[in-house]
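Peer 1: Residue numbers (the numbering used here): -2 to 282.
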DNA sequence: AAGAGGCCCTGATAGC
DNA sequence: TGCTATCAGGGCCTCT
């Protein structure tokens, strides 16, 4: 699912639903996530209290006192909080069973006081890692600033682009350069900037760089306001969709009319570094 | 150091 | 209906 806005939505709902809860029991049904869930995972987490929930780019962090649990949702991970008292509540979608949960791929489950925290991930590209609190900074040492951080400023971007040969689309997806943007938002950001995704970064002007900084932040904040984007898998912890997908200007709009006023162009699709890229080759010169 | 490519995995969809 | 191929919101690893 997960780009920064979607993870932020999850973080906000976890804040409301599981903050200060004690993990009374841990069940791991499938240890083969991106990183193997260790044998002692359950015993380490048992009886820990979720003191704080935070987010760093596309990662969620459960702060559990002297340790923390870093969670990444990969491509298809979702977190569901189900209320034990309402567990008989009926759901009307075929995807969800009577517990308002997906029927398959519920790999990790935390039993809390009156609810359950369930991690579902069909493709298993996500992970749960336990770290000592003091190792958290080191874990993120190769992750660049978020578009929402002040460090993601004109100087930083200009310096980073010096002597680089790749195109701008690849850099927006490069988490060392800027973290939190994924394929959907990279497409949308470049469209609103009117910058061609294939443009080599060393040829970008200062104005281009200012636009990239400004619109990266704007698009992500807009998406957060809309509850994120739901393409296939993304749901918030209550199983509801976000709505930013209704505002997409280019993503999955191949062959459709460009939405910029006065532009008669059509949206094109191209693969850049094996990722589908959508753009108007009339506006995005 | 920077960049290209392979790979991890399941499921939805398209085409025959 | 059923097969096969392709693609999907990510990122790690290896090789050059």
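Note that the Cβ used here is the ideal one computed from N, Cα and C, for glycine as well. All values derive from a computational prediction rather than experimental measurement.
Could you give the DSSP three-state label for residue 187: helix, strand or coil?
Peer 2: Taking the first residue of the first chain as 1, we reach residue 187 at position 190. If DSSP states are grouped into helix, strand and coil, residue 187 belongs with the helices.
Peer 1: Return helix, strand or coil for residue 272, following the three-state DSSP convention.
Peer 2: By 1-based counting over the first chain, the position of residue 272 is 275. Three-state DSSP puts residue 272 in a strand.
Peer 1: Report the start-end ranges of each alpha helix (DSSP H) in the stretch 110 to 171 that is 4 residues or longer and not cut off at the edges.
Peer 2: Counting only runs of 4 or more, we get 133 to 136, 151 to 158, 165 to 170.
Peer 1: Of the residues 22, 175, 243, which one's Cα is nearest the Cα of residue 210?
Peer 2: Indexing the first chain from 1 puts residue 210 at position 213. The shortest Cα separation from residue 210 among 22, 175, 243 belongs to 175.
Peer 1: From the DSSP output, read off the bridge partner residues of residue 106.
Peer 2: The residue you call residue 106 lines up with position 109 of the first chain. Its beta-bridge partners are 24, 115.
Peer 1: Am I right that residue 68 and residue 224 are in contact with their C-beta atoms under 8 Å? What's the rounded C-beta distance?
Peer 2: Indexing the first chain from 1 puts residue 68 at position 71. Indexing the first chain from 1 puts residue 224 at position 227. At roughly 19 Å, the Cβ-Cβ gap does not stay under 8 Å, so residue 68 and residue 224 are not in contact.
Peer 1: Quick one, are the C-beta atoms of residue 128 and residue 136 less than 7 Å apart?
Peer 2: Working through the first chain from its first residue, we reach residue 128 at position 131. Working through the first chain from its first residue, we reach residue 136 at position 139. Yes; because the gap between Cβ atoms is below 7 Å, this pair is in contact.
Peer 1: Could you please give me the residues that DSSP links to residue 67 through a beta bridge?
Peer 2: Taking the first chain and counting its residues from 1, one reaches residue 67 at position 70. DSSP, once it has assigned bridges, lists 58, 126 as partnering residue 67.
Peer 1: By a C-beta neighbour count over all protein chains shown, 10 Å radius and 16 as the cutoff for buried, is residue 24 buried or exposed?
Peer 2: Counting from one through the first chain, the residue named residue 24 turns up at place 27. When all chains shown are included, residue 24 counts as exposed.
Peer 1: Please state the DSSP three-state secondary structure of residue 88.
Peer 2: Walking along the first chain from the start, residue 88 turns up at place 91. Confidence at residue 88 is low in this model, with a pLDDT of 44, below 50, so its placement is unreliable and no value can be given for it.
Peer 1: Taking the alpha-carbon of residue 121 as reference, which of 115, 109, 27 has the nearest alpha-carbon?
Peer 2: On the first chain, residue 121 is found 124 positions in, with the first residue counted as 1. Checked all of 115, 109, 27; the closest Cα to residue 121 is 27.
Peer 1: So what's residue 52 in DSSP terms, helix, strand or just coil?
Peer 2: Counting from one through the first chain, the residue named residue 52 turns up at place 55. Three-state result, residue 52: strand.
Peer 1: List the residues that DSSP assigns as beta-bridge partners of residue 277.
Peer 2: Within the first chain, the letter at position 280 stands for residue 277. Paired residue(s): 264.
Peer 1: Below 7 Å between beta carbons: does that hold for residue 217 and residue 144?
Peer 2: Residue 217 sits at position 220 when you count from the first residue of the first chain. Residue 144 sits at position 147 when you count from the first residue of the first chain. Taking 7 Å as the Cβ cut-off, residue 217 and residue 144 qualify as a contacting pair.
Peer 1: Is DSSP giving residue 243 helix, strand or coil here?
Peer 2: As a first step, residue 243 is located in the first chain; it is residue number 246 there, counting from the start. Helix at residue 243.
Peer 1: Just how far apart, CA to CA, sit residue 55 and residue 248?
Peer 2: Numbered from its first residue, the first chain carries residue 55 at position 58. Numbered from its first residue, the first chain carries residue 248 at position 251. Taking the straight line from one Cα to the other gives about 20 Å.
Peer 1: Taking buried to mean at least 16 other C-beta atoms within 10 Å of its own C-beta, is residue 332 buried or exposed?
Peer 2: The shown model of the chain, from -2 to 282, leaves out residue 332, and the question about it has no answer.
Peer 1: Have a look at residue 191 and residue 232 and give me their C-alpha separation to the nearest angstrom.
Peer 2: To locate residue 191, count along the first chain from 1; it is residue 194. To locate residue 232, count along the first chain from 1; it is residue 235. Residue 191 and residue 232: Cα-Cα distance of roughly 30 Å.
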